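K.L.:
Number 49 in full-length UniProt numbering belongs to position 49 of the sequence shown; there are no gaps in the numbering. Below is the structure I would like to discuss, written out as structure tokens.
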Amino acid sequence: MVTLKDVRSSPLINTFIQKGNEHLGVMGYTDHGRLHLSIVSALSKDIMIKLGYDEHMAELAGIAGYIHDIGNVINRIGHSQSGALMAMEILRRMGMPPEEVAIITAAIGNHDEGSGHPVNEVAAALILADKSHVHRNRVRNPDVATFDIHDRVNYAVERSTLNIDENKKVITMELVIDTSICPVMEYFEIFMSRMLLCRRAAGFLGCEFELVINGVQLL
1 MVTLKDVRSS PLINTFIQKG NEHLGVMGYT DHGRLHLSIV SALSKDIMIK LGYDEHMAEL
61 AGIAGYIHDI GNVINRIGHS QSGALMAMEI LRRMGMPPEE VAIITAAIGN HDEGSGHPVN
121 EVAAALILAD KSHVHRNRVR NPDVATFDIH DRVNYAVERS TLNIDENKKV ITMELVIDTS
181 ICPVMEYFEI FMSRMLLCRR AAGFLGCEFE LVINGVQLL
């Protein structure tokens, strides 16, 4: 069985991750490197476990979370689809069974809000984990004066947590935002489509989705 440990130790995968993140840095994007991927991987796995899925499905979610942005090495546009095709071949060569490859590649190919849908449980967990990682540790522009809206929104977020209430079947994204850096409206300006995708993902997992910013429930 191909494990998350195997994937995390792959020189090929890690090189693609590193180079893809470098390419995004040249274009002015926030960090999409191993810190982001490790957080998304762990959270994807945690979501599955807390909602009662078995360890095997949780492991697949962890793998999907770690390699979901691998397509950035090719181009940011369509990176979810190109990343899915790359992952399909890499995981096949590592010896992963076709059914597991299909689950993971579907999740990767559907994690972007522009074209994604929660087509399976792993995809739903990945969407929630990925979209909840909004934090100032993702901003790499050192000049605050030249921040664009994405830099401002991420830098303004002092804390971001995704709480899973498995008993009430509620998934809550809770943010603490410094509104002197970015008003809440700017968050919605760029993230509304992501929050709607999160709501669909939570629904696929049989849960309600809530968004709480600075103690106020907004969704």
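We treat Cβ as the ideally placed atom computed from N, Cα and C, and that holds for glycine. None of these values were measured; they are calculated from a predicted model.
How big is the Cα-Cα spacing for S9 and T15?
P.N.:
If you take the alpha carbons of S9 and T15, they lie about 11 Å apart.
K.L.:
If G20 and V101 are in contact, beta carbons under 8 Å, what's the gap, nearest whole angstrom?
P.N.:
Their Cβ separation, rounded to whole angstroms, is 20 Å, which puts G20 and V101 out of contact at 8 Å.
K.L.:
Just verifying my parser: in three-state terms, what is the DSSP assignment at D165?
P.N.:
strand
K.L.:
Please classify residue 292: does DSSP put it in a helix, a strand, or coil?
P.N.:
Nothing about residue 292 can be reported from this structure: the residues present for the chain run from 1 to 219 only.
K.L.:
Rounded to whole angstroms, what's the CA-CA distance from P142 to V134? Just pull it up for me.
P.N.:
Using only the alpha carbons, I get a separation of about 17 Å.
K.L.:
Can you tell me which of the three DSSP states M173 falls into?
P.N.:
strand
K.L.:
Let me check one thing: in DSSP terms, what residues is E210 bridge-paired to?
P.N.:
T172
K.L.:
For Q81, which beta-bridge partners are listed by DSSP?
P.N.:
According to DSSP, Q81 bridges with nothing at all.
K.L.:
Under 7 Å, do I49 and L4 count as touching if we go by C-beta distance?
P.N.:
no
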